[in-house]
Amino acid sequence: MRFNKKEVDQQKTWLERWVFNNRLVSVLLVIILLLLTIYLLHKTSFIFEPIKALFSSVGAPVITAGIFYYLLIPSVNWAHDKFHLSKQLIVLIIFLFVALFLVLFVVYIAPIIRDNFIVFFKHWPDYYSHWSKRLQVWLSYPGLKPIKNWVLDTNNNFNKTIINWSKNYLTNGIAGVGKITRVITMIVITLITFPFILYYMLKDGDQLPRYISQFFPARTRPSLLEVLHEINKQISDYLRGQILTAVAVSIMFMIGFSIIGLPYGIWIGLLAGPLNLIPYLGSFLAMVPAIIIALFGGIHLVIAVLIVFVIEQTLESRLIHPKIMGASMNIHPITVLVILLGAGEMFGLLGVAFGIPAYAVLKVLIGRSYHWWRENSELFKG
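Going by our numbering, the sequence shown opens with residue 122, and the numbers climb by one from there.
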């Protein structure tokens, strides 16, 4: 027995017409289900304690290996396709070059860094005396009298409040030696274990998506592989772009600070590279030690440092960043700042470091889910 479209529509229940086929109600139901899921996960968080403990022990080596994997895998694939060598042999060759670089670093570069630190700490009393005198000169202005009364007492010594705060800060710092010891232990364990993880990731990492897809129904595997490929591309583009940009920033700052004769300019330039991994904020943070040291050389050196900073920012924003990063991430700068502030507030330094990649992954997953919903739901038909 056949029914025409009109008869079928008449047989639809009130629930189908006003709930399941109503866009607003469907969106509200999805939001309610998500909030309910989050609430239940929060109430049953004890279930995930073993996972948290496992991640705290192996997370650092795995993340470190993942970063180096995305940096090295293009070279491994290129050598594999170009010279038809096994990936195992290519990875071993790369590891030998890295070991050679580390030996050269320890023999030639590490002593230079050590000598510079010795010179810096040797002159530290002079720096402190200079800053104390400069501070008293600044505080002698009438408009800064309230600040002077708070910072210095009647004998021009530092206020007891500041001294007590410093003592408490040092006491807390000494109490935190245990935490520092744990951090150092974790760093040592990471340096020892991540090369082994990296070796197998470079050797067999391209097989991981297909291995994961085996646990899903056959009809969903093509879509799953596309999602994994897109996530992999987003993360790799971001990490490679950020690290290459950081290297370029370090080189520009080292050249610029060397030209203007800034003391310790080479090391400040090296510091600027890792700090630049914090999008839009890293270069400004790197300028703080540069300006502090430049103040000892006079106002002309401060102006020279600011000129170097303006030139670096212009080259980075107009030439280097667009060339390296391109539009692959497709994230608006305002969105980046919001993510950095929010993730930093919730998760600290880890949030700042991994907020953007996490957002990129969530963007892919939510975008794919929404696309699947549009294709399979009657709400968007007609």
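Using N, Cα and C, we set each Cβ at its ideal position, and we do this for glycine too.
Span separating the alpha-carbon of residue 434 from that of residue 495: Walking along the sequence shown from the start, residue 434 turns up at place 313. Walking along the sequence shown from the start, residue 495 turns up at place 374. Near 43 Å, if we compare the C-alpha coordinates of residue 495 and residue 434.
Short Cβ contact (9 Å threshold) for residue 377 with residue 309: As a working mapping, residue 377 is identified with position 256 in the sequence shown. As a working mapping, residue 309 is identified with position 188 in the sequence shown. Pairing residue 377 with residue 309 gives a Cβ-Cβ distance that is not under 9 Å.
Chain-order list of residues whose beta-carbon lies under 6 Å from that of residue 408 (same chain, five-residue window excluded): For the purposes of this step, residue 408 is taken as the residue at position 287 of the sequence shown. Within the same chain, residue 408 has close Cβ partners 430.
Span separating the alpha-carbon of residue 166 from that of residue 158: For the purposes of this step, residue 166 is taken as the residue at position 45 of the sequence shown. For the purposes of this step, residue 158 is taken as the residue at position 37 of the sequence shown. Distance between residue 166 and residue 158, taken at the CA atoms: about 12 Å.
Assigned exposure category for residue 382 - 16 Cβ within 10 Å defines buried: Translated into the one-based positions of the sequence shown, residue 382 becomes position 261. That one is exposed.
Distance, residue 415 Cα to residue 307 Cα: The sequence position of residue 307 within the sequence shown is 186, counting from 1. The sequence position of residue 415 within the sequence shown is 294, counting from 1. Straight-line Cα distance between these residues: approximately 36 Å.
Contacting residues, own chain, Cβ-Cβ under 7 Å from residue 193 (five flanking each side not counted): Translated into positions along the sequence shown, residue 193 becomes position 72. The beta carbon of residue 193 lies closer than 7 Å to those of 215 and 323 in the same chain, with the five residues before and after it left out.
Alpha-carbon to alpha-carbon, residue 351 and residue 210: For the purposes of this step, residue 210 is identified with residue 89 of the sequence shown, where counting begins at 1. For the purposes of this step, residue 351 is identified with residue 230 of the sequence shown, where counting begins at 1. Taken atom to atom, the span from the alpha-carbon of residue 210 to that of residue 351 is near 28 Å.
For residue 417 and residue 244, the rounded distance between their alpha carbons: Working through the sequence shown from its first residue, we reach residue 244 at position 123. Working through the sequence shown from its first residue, we reach residue 417 at position 296. Spanning the two alpha carbons is a distance of roughly 12 Å.
Beta-carbon spacing of residue 355, residue 474 below 9 Å: Counted from its first residue, the sequence shown places residue 355 at position 234. Counted from its first residue, the sequence shown places residue 474 at position 353. No, the Cβ-Cβ distance between residue 355 and residue 474 is not below 9 Å.
Residues near residue 297 in its chain [Cβ-Cβ closer than 7 Å; skip 5 each side]: Looking up residue 297 in the sequence shown gives position 176. Low confidence applies to residue 297: its pLDDT is 48, below 50, so where it sits in the model is not reliable, and the reading given next is rough at best. Residues of the same chain with a CB within less than 7 Å of the CB of residue 297, apart from the 5 flanking positions on each side, do not exist.
Alpha-carbon to alpha-carbon, residue 353 and residue 345: Taking the sequence shown and counting its residues from 1, the one referred to as residue 345 is at position 224. Taking the sequence shown and counting its residues from 1, the one referred to as residue 353 is at position 232. When rounded, the distance between both Cα atoms is 12 Å.
Under the three-state DSSP convention, the category residue 163 falls into: Translated into positions along the sequence shown, residue 163 becomes position 42. The three-state secondary structure of residue 163, taken from DSSP, is helix.
Three-state secondary structure assigned by DSSP to residue 156: In the sequence shown, residue 156 corresponds to position 35, counting from 1. Correct three-state label for residue 156: helix.
Own chain, CB closer than 8 Å to residue 404, minus 5 neighbours either side, in chain order: As a first step, residue 404 is located in the sequence shown; it is residue number 283 there, counting from the start. Answer for residue 404: 370, 393, 396, 397, 430, 433, 434 and 437, listed in chain order.
Euclidean distance between Cα positions of residue 490 and residue 178: Indexing the sequence shown from 1 puts residue 490 at position 369. Indexing the sequence shown from 1 puts residue 178 at position 57. Rounded to the nearest angstrom, the two C-alpha atoms are 32 Å apart.
For residue 399, the three-state DSSP class (helix, strand or coil): Taking the first residue of the sequence shown as position 1, residue 399 is located at position 278. Assigned with DSSP and collapsed to three states, residue 399 falls in coil, not helix or strand.
Three-state secondary structure assigned by DSSP to residue 335: For the purposes of this step, residue 335 is taken as residue 214 along the sequence shown, with counting starting at 1. Secondary structure of residue 335 (DSSP, three-state): coil.
Contact check, residue 455 vs residue 477, beta carbons under 9 Å: The residue labelled residue 455 in the question sits at position 334 within the sequence shown. The residue labelled residue 477 in the question sits at position 356 within the sequence shown. Their beta carbons are not under 9 Å apart, which means residue 455 does not touch residue 477 by this criterion.
Between the CA atoms of residue 368 and residue 312 - distance to the nearest angstrom: Here the question's residue 312 lines up with position 191 in the sequence shown. Here the question's residue 368 lines up with position 247 in the sequence shown. Computed Cα separation, rounded: 21 Å.
Where residue 246 sits in the DSSP three-state scheme: Counting from 1 along the sequence shown, the entry for residue 246 is found at position 125. In this structure, residue 246 counts as helix in the three-state DSSP scheme.
Per-residue DSSP class, three states only, for residue 496: Translated into the one-based positions of the sequence shown, residue 496 becomes position 375. In the three-state reduction of the DSSP assignment, residue 496 falls in the helix class.
Beta-carbon proximity check, residue 425 vs residue 374, cutoff 9 Å: Taking the sequence shown and counting its residues from 1, the one referred to as residue 425 is at position 304. Taking the sequence shown and counting its residues from 1, the one referred to as residue 374 is at position 253. No Cβ-Cβ contact shorter than 9 Å links residue 425 with residue 374.
Contact set for residue 314: own chain, Cβ-Cβ below 6 Å, skip 5 residues either direction: Here residue 314 refers to the residue found at position 193 when the sequence shown is read from its first residue. Cβ neighbours of residue 314 beyond the five flanking positions: 182.
Distance between residue 160 and residue 486 (C-alpha atoms, nearest Å): Here residue 486 corresponds to residue number 365 of the sequence shown, with the count starting at 1. Here residue 160 corresponds to residue number 39 of the sequence shown, with the count starting at 1. For the pair residue 486 and residue 160, the Cα-to-Cα distance works out to about 21 Å.
Cut-off 7 Å between Cβ atoms - residues of its own chain near residue 201, not counting five sequence neighbours on either side: Here the question's residue 201 lines up with position 80 in the sequence shown. Only 208 and 211 meet the Cβ criterion.
Expected contact under 8 Å - CB spacing of residue 504 and residue 385 to nearest Å: Lying before the first or after the last residue shown, residue 504 is absent from the chain, which here runs from 122 to 503.
Member of 462, 189, 388 and 213 whose CA lies at the smallest distance from the CA of residue 238: In the sequence shown, residue 238 corresponds to position 117, counting from 1. Comparing Cα-Cα distances from residue 238 to each of 462, 189, 388 and 213, the minimum goes to 388.
Cβ-heavy atom distance, residue 304 to the ligand GDP, below 8 Å: Here there are no bound small molecules, and the ligand GDP is not part of this structure.
Simplified DSSP assignment, three categories, for residue 383: For the purposes of this step, residue 383 is taken as the residue at position 262 of the sequence shown. Coil at residue 383, not helix or strand.
Three-way DSSP call (helix, strand, coil) for residue 357 in this model: One-based indexing of the sequence shown puts residue 357 at position 236. Residue 357: helix per DSSP, three-state reduction.
6 Å Cβ shell around residue 406 - same chain, five flanking residues per side excluded: To locate residue 406, count along the sequence shown from 1; it is residue 285. Excluding residues within five positions, the ones whose Cβ falls inside 6 Å are 396.
Bounding residues of the alpha helix (DSSP H) (the contiguous stretch that carries residue 228): Residue 228 sits at position 107 when you count from the first residue of the sequence shown. Looking at the DSSP string, residue 228 is not in any alpha helix (DSSP H), and its letter there is neither H nor E.
Own chain, CB closer than 6 Å to residue 295, minus 5 neighbours either side, in chain order: The residue given as residue 295 occupies position 174 in the sequence shown. Confidence at residue 295 is low in this model, with a pLDDT of 46, below 50, so the placement of that residue should be treated as unreliable; the coordinate-derived value is given next. Cβ within range, chain order: n/a, list empty.
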